[in-house]
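J.: This structure is in structure tokens; I'll ask about it shortly.
Residue numbers (the numbering used here): 115 to 199.
This is how it looks when you write it as structure tokens:
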């Protein structure tokens, strides 16, 4: 649903959780990056799993930031503010 939404709407930033029903955040990020404007979208991935392989896969798809839960709401706000300038 998120990928279909991004095909129809103009967004500046995506907050993407790793654990989602149906498919994980890395697969969704792969689909986002394949969209015509997907390479330009800023993406912050959130996860409760601090696994090196998840981080490596997300970084390989040019995720802009990676926050491990629990994270500080201030840190998330700082990341969003920094990315949106």
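Think of the CB as a built atom: it goes at the ideal place given N, C-alpha and C, for glycine as much as any other residue.
How far does the beta strand (DSSP E) with residue 180 in it extend, from its first residue to its last?
T.: That run of the beta strand (DSSP E) goes 179-182.
J.: I need the straight-line Cα distance from residue 141 to residue 124, nearest angstrom please.
T.: Distance between the alpha carbons of residue 141 and residue 124 is about 21 Å.
J.: Where does residue 171 fall in DSSP's three states?
T.: The answer is helix: DSSP assigns residue 171 an H, G or I state.
J.: I'd like to check one pair, residue 133 with residue 162: are the Cβ atoms closer than 8 Å?
T.: Yes, Cβ-Cβ distance for residue 162 and residue 133 is below 8 Å.
J.: Taking residue 129 as part of the alpha helix (DSSP H), name the residues at either end of that continuous run.
T.: Unbroken run through residue 129 is the beta strand (DSSP E), 127-131; no alpha helix (DSSP H).
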